[in-house]
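Participant:
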Amino acid sequence: MKRHIKIITDGSCDLPKEVIERVNPGIIGINVCFGEESYIGGVEIDDKTFYEKMKVSKELPKTSSPSPDRFIEAYKCEEDEILVFTLTSKLSGTYSNAVLAKTMYLEEHPEKRIEVIDTQSGSIGVALMMLKCNELIEQGKTMDEILTEIEKYKKDIIFFGALDTLENAIKGGRVNPLAGKVMNALNLKVIIRIDEGLVKPIDKARGGVNSIKKALDYVKSHVNNEEEKTIIIAHANCPEKADKIKSIIEEDSSFKEVLIASIGPIMGTFTAEGAILVAVL
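Residue 102 is where the sequence shown starts when you use the working numbering, and the numbers rise one by one after that.
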């Protein structure tokens, strides 16, 4: 049966392989630049190479939103209805460019319907929304019915993480260099929450094991009916750590599904190597 809605997202969305296989989304690449060198994340540079280059770079890589032209190309799909999930507009101009592209494309193709969603999230938070919407599409739900559910998903998503280092926060000027070096020297790790479109430091813990435990405790304290929900663990170039966390969650919890994703260049520029993110919907 032909699917009636095409899902599209941008390269800031960190997708488990299971989500890619089920949803088959159109993915609009985002540029990441190291000085004069520019790459399309996930296309011209893989995650492992990105972290290797970032580790030796004195300055943080810069990312730029996809141009409207890239979105227009993606809108040229066979489906008559298109659902676009973008990184939160509070952190990127990607949403604005997707909307501009929609306006331009519909002038010549008024028969199509395109809905652009400011997810107020990013990374695996967007992946979870896409997964839920894909289930609705497969159930034959209309675009209007799906849009109503998306507004609920924005409020319901639970998203925490643990940073292994403040190196990128120091490079990016978000943390005072002296304070950051003291915290790193004391092995203090920052716990973050992604909520309402912003990344917010909410707590700290000594050591990587304690920080991940604390992040998972925050997740569990916000989750109800976990057997009905999917949890995604994302790692910044530390797959063994993610595998271990998955095993712990599967032993101690009853989530419908536990998936793993790699944190790509967009979120990785913020988190630095070694970070773990956990989201539930």
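Using N, Cα and C, we set each Cβ at its ideal position, and we do this for glycine too.
As the structure is a computational prediction, the values presented were derived from the model and not from experiment.
Should proline 117 be labelled buried (16 or more other beta-carbon atoms within 10 Å of its own) or exposed?
Facilitator: Numbered from its first residue, the sequence shown carries residue 117 at position 16. It is buried - the Cβ of proline 117 has at least 16 other Cβ atoms within 10 Å.
Participant: What does the alpha-carbon distance come out to for the pair glutamate 327 and lysine 255?
Facilitator: The residue labelled residue 327 in the question sits at position 226 within the sequence shown. The residue labelled residue 255 in the question sits at position 154 within the sequence shown. Spanning the two alpha carbons is a distance of roughly 17 Å.
Participant: Hey, would you say alanine 306 sits closer than 8 Å to phenylalanine 261, going by beta carbons?
Facilitator: Position 205 of the sequence shown, counted from the first residue, corresponds to residue 306. Position 160 of the sequence shown, counted from the first residue, corresponds to residue 261. Cβ atoms of alanine 306 and phenylalanine 261: not closer than 8 Å.
Participant: Could you pull out every residue in the same chain whose Cβ sits closer than 6 Å to the Cβ of isoleucine 346, ignoring the five residues on either side in sequence?
Facilitator: Taking the sequence shown and counting its residues from 1, the one referred to as residue 346 is at position 245. The answer, listed in chain order, is Ile334.
Participant: Taking only three categories from DSSP, how would you classify valine 310?
Facilitator: If you number the sequence shown from 1, residue 310 lands on position 209. Three-state DSSP puts valine 310 in a helix.
Participant: Taking one C-beta from the stretch 121 to 141 and one from the stretch 153 to 165 each time, how about it: are there three or more such pairs within less than 8 Å?
Facilitator: Contact between the stretch 121 to 141 and the stretch 153 to 165 is present, because at least three Cβ pairs lie under 8 Å.
Participant: At what residue ranges does the stretch 131 to 193 contain a whole run of the alpha helix (DSSP H), taking only runs of 4 or more?
Facilitator: 148 to 157, 169 to 176, all fully within the stretch 131 to 193.
Participant: Going by beta carbon distance, what residues of the same chain come within less than 6 Å of methionine 102, once the five residues before and after it are set aside?
Facilitator: Counting from 1 along the sequence shown, the entry for residue 102 is found at position 1. In this prediction, methionine 102 scores a pLDDT of 49, lower than 50, which makes its location untrustworthy; the coordinate-derived value is nonetheless stated afterwards. None.
Participant: Within its chain, find whatever has a CB closer than 7 Å to the CB of phenylalanine 172; leave out the 5 residues flanking it on each side and keep chain order.
Facilitator: In the sequence shown, residue 172 corresponds to position 71, counting from 1. So the qualifying residues of the chain are Ile129, Asn198, Ala199, Ala202.
Participant: Specify the secondary structure class of glutamate 216 as computed by DSSP and reduced to three states.
Facilitator: Taking the first residue of the sequence shown as position 1, residue 216 is located at position 115. It is a strand residue.
Participant: Starting from the C-beta of lysine 154, find all residues in its chain whose C-beta is less than 7 Å away, skip the five residues before and the five after it, and write them out in chain order.
Facilitator: Indexing the sequence shown from 1 puts residue 154 at position 53. Excluding sequence neighbours, lysine 154 sits near Phe135.
Participant: For glycine 142, which of Ile225, Glu358, Ser113 has the nearest alpha-carbon?
Facilitator: Walking along the sequence shown from the start, residue 142 turns up at place 41. The residue with the shortest Cα to Cα distance from glycine 142 is Ser113.
Participant: Chain C beta carbons: is any one of them nearer than 8 Å to that of phenylalanine 172?
Facilitator: Looking for chain C here will not work: only one protein chain is present.
Participant: Roughly how many whole angstroms lie between the Cα atoms of glutamate 351 and lysine 357?
Facilitator: As a first step, residue 351 must be located in the sequence shown, where it is residue number 250. As a first step, residue 357 must be located in the sequence shown, where it is residue number 256. Approximately 10 Å, taken between the alpha carbons.
Participant: Verify whether the separation of the beta carbon atoms of isoleucine 313 and isoleucine 377 is less than 8 Å.
Facilitator: If you number the sequence shown from 1, residue 313 lands on position 212. If you number the sequence shown from 1, residue 377 lands on position 276. Contact: yes.
Participant: Of the residues Glu209, Leu207, Pro169, Gln221, which one's Cα is nearest the Cα of threonine 189?
Facilitator: Locating residue 189 in the sequence shown gives position 88, counting from the first residue. It is Gln221.
Participant: State buried or exposed for glutamate 297, treating a residue as buried only when at least 16 other CB atoms are found within 10 Å of its CB.
Facilitator: As a working mapping, residue 297 is identified with position 196 in the sequence shown. Looking at its Cβ environment, which holds fewer than 16 other Cβ atoms inside 10 Å, glutamate 297 is exposed.
Participant: Starting from lysine 345, follow the alpha helix (DSSP H) in both directions and report where the run begins and ends.
Facilitator: For this step, residue 345 is matched to residue 244 along the sequence shown. Start and end: 340 to 353.
Participant: Between the stretch 278 to 293 and the stretch 169 to 185, do three or more beta carbon pairs fall short of 8 Å?
Facilitator: Too few Cβ pairs lie closer than 8 Å, so no.
Participant: With lysine 242 as the anchor, note down where its alpha helix (DSSP H) starts and where it stops.
Facilitator: Position 141 of the sequence shown, counted from the start, is the residue given in the question as residue 242. Note, lysine 242: premise wrong, no alpha helix (DSSP H); not H, not E.
Participant: Taking the alpha carbon of asparagine 269 as the reference point, which residue from Phe371, Ser168, Met230, Leu237 has its own alpha carbon closest?
Facilitator: For the purposes of this step, residue 269 is taken as residue 168 along the sequence shown, with counting starting at 1. When only C-alpha atoms are compared, the closest one is Phe371.
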